[in-house]
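Engineer: In my numbering, the protein residues as written are 3 to 263.
Each residue gets a CB set at the ideal place from its N, CA and C atoms; glycine is no exception.
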Amino acid sequence: MRPPAILRESDALSVRLTFNRTDARNSINLELLTALNAALDEAERSASTKVVVLRAQGDTFSSGMDFTELLASGEPGASGMDASCALYFRTLRRLSGFPKLVVSLVEGKVMAGGVGIVAASDLVLASRAASFSLPEILWGILPAMVLPFLARRVGMHHAYTLALTAQQLGAERALELGLVDELGDDAERALQRLLLRFKRIPAEGIHKLKRYANDVFPIDERVESLAVQTTTGLSLDPAVRQRIHAFLTHQSLPWEQEGPR
3 MRPPAILRES DALSVRLTFN RTDARNSINL ELLTALNAAL DEAERSASTK
53 VVVLRAQGDT FSSGMDFTEL LASGEPGASG MDASCALYFR TLRRLSGFPK
103 LVVSLVEGKV MAGGVGIVAA SDLVLASRAA SFSLPEILWG ILPAMVLPFL
153 ARRVGMHHAY TLALTAQQLG AERALELGLV DELGDDAERA LQRLLLRFKR
203 IPAEGIHKLK RYANDVFPID ERVESLAVQT TTGLSLDPAV RQRIHAFLTH
253 QSLPWEQEGP R
């Protein structure tokens, strides 16, 4: 039996949702998104749950959208990538407006679509081993679905620069930009301090503040439609698909596939 894509653990105040696709570097596919939303449904119904913690097994929080699913989307009758893209963006919108506090606990690498999950969270606690990058442009794709949430968190110019350069951010630089809220050697200890603090903060206050912030700085259906259409369209580009196929087959990175100029 295949292990669950999301592991759940609850206590009196919080629920921890752990990405559990370590064999695929916790890449994001339809299975993981479906499991995540089912867990969020349960957390939303729970009167005692005030905090949702997102974390990951292994040394990668998330490597972004699943390339295997992306390539399969081009096969006749396949629609997995379209469905994943649509559900991914709806999940980011849901996290940003979720009536509970959403905390990302990052202790490893975060890439591409994983950065979107972090950016859509209310608070981000990271260890010094954390790093963040948007490598999509190297493949000929754009982080179209991540950018609205990242820009709202760190500012448009910083988000645009990260997308344009594909450079990796270390944990300290991510803290300076505001992508990380608290950095330390022990992210779990930081989480325990935060949970203690939120015992005193009324649940309805969290919900009202998040709803107000999303009303003031909305990411609406027009942005969602443009982001999803851009991503799914680029995923069908033959050059993009060739780069990804070469990587999955031969572990050949895009810049290694270029011929002499």
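Along the chain, where does the beta strand (DSSP E) that runs through L56 open and close?
Structural biologist: For the purposes of this step, residue 56 is taken as the residue at position 54 of the sequence shown. L56 -> beta strand (DSSP E) spans 53-58.
Engineer: Report back the beta-carbon spacing between A121 and L181 to the nearest angstrom; my notes put them in contact at under 8 Å.
Structural biologist: As a first step, residue 121 is located in the sequence shown; it is residue number 119 there, counting from the start. As a first step, residue 181 is located in the sequence shown; it is residue number 179 there, counting from the start. Contact flag correct, Cβ pair sits at about 7 Å.
Engineer: Would you mind reading off the limits of the beta strand (DSSP E) that contains T167?
Structural biologist: Here residue 167 refers to the residue found at position 165 when the sequence shown is read from its first residue. Where T167 is concerned, there is no enclosing beta strand (DSSP E), although the alpha helix (DSSP H) it sits in stretches over 158-167.
Engineer: From V264 to E178, what does the alpha carbon distance come to, in whole angstroms?
Structural biologist: Residue 264 lies beyond the range of the chain shown here (3 to 263); nothing can be said about it.
Engineer: Can you name, in chain order, every residue of its own chain whose Cβ lies under 8 Å from the Cβ of R96, other than the five neighbours on each side?
Structural biologist: Residue 96 sits at position 94 when you count from the first residue of the sequence shown. Excluding positions up to five away in sequence, the list reads N39, L42.
Engineer: Excluding the five sequence neighbours on either side, which residues of its own chain have a C-beta within less than 6 Å of the C-beta of N28, listed in chain order?
Structural biologist: The residue labelled residue 28 in the question sits at position 26 within the sequence shown. If we look at N28 and ignore the five residues flanking it on each side, its Cβ neighbours are F21, A58, T62, S64.
Engineer: Let me know the secondary structure DSSP gives G207 once reduced to three states.
Structural biologist: Taking the first residue of the sequence shown as 1, we reach residue 207 at position 205. Here G207 sits in helix by DSSP.
Engineer: Going straight from the alpha carbon of P137 to that of T93, what length do you get?
Structural biologist: Reading the sequence shown from its first residue, position 135 is the one you call residue 137. Reading the sequence shown from its first residue, position 91 is the one you call residue 93. Approximately 21 Å between the Cα atoms of the pair.
Engineer: Could you give the DSSP three-state label for S133: helix, strand or coil?
Structural biologist: Here residue 133 refers to the residue found at position 131 when the sequence shown is read from its first residue. S133 falls in the strand class under three-state DSSP.
Engineer: Could you name each continuous alpha helix (DSSP H) segment of 4 residues or more that falls completely within the segment 4-53, going from the start of the chain to the end?
Structural biologist: 32-47
Engineer: Please report the residue range of the alpha helix (DSSP H) in which F278 lies.
Structural biologist: This structure gives no information on residue 278, because the portion of the chain shown stretches from 3 to 263.
Engineer: Less than 9 Å between the beta carbons of M113 and S86, yes or no?
Structural biologist: As a position in the sequence shown, residue 113 is number 111, starting the count at 1. As a position in the sequence shown, residue 86 is number 84, starting the count at 1. Against a cut-off of 9 Å, the Cβ pair of S86 and M113 comes out as no contact.
Engineer: Does DSSP classify L127 as helix, strand or coil?
Structural biologist: In the sequence shown, residue 127 corresponds to position 125, counting from 1. Strand.
Engineer: Rounded to the nearest angstrom, what separates L166 and I139 at their Cα positions?
Structural biologist: Start at 1 with the first residue of the sequence shown, and residue 166 comes out as number 164. Start at 1 with the first residue of the sequence shown, and residue 139 comes out as number 137. One C-alpha to the other measures close to 7 Å.
Engineer: May I ask you to verify whether the segment 124-132 touches the segment 218-236, counting CB pairs closer than 8 Å and requiring at least 3?
Structural biologist: no
Engineer: Please report how far the alpha carbon of T36 lies from the alpha carbon of S254, in whole angstroms.
Structural biologist: Taking the sequence shown and counting its residues from 1, the one referred to as residue 36 is at position 34. Taking the sequence shown and counting its residues from 1, the one referred to as residue 254 is at position 252. Rounded to whole angstroms, T36 to S254 spans 31 Å at the Cα level.
Engineer: Under 9 Å between C-beta atoms, does F91 make it to chain D?
Structural biologist: Reference to chain D is not applicable here, since this structure consists of a single protein chain.
Engineer: In the DSSP assignment, find the alpha helix (DSSP H) that holds S227 and state where it starts and stops.
Structural biologist: Within the sequence shown, the letter at position 225 stands for residue 227. Per DSSP, S227 belongs to the alpha helix (DSSP H) from 223-237.
Engineer: Comparing C-alpha positions only, which one of T70, G60, L171 sits nearest to E33?
Structural biologist: Here residue 33 refers to the residue found at position 31 when the sequence shown is read from its first residue. Here the closest residue by C-alpha is T70.
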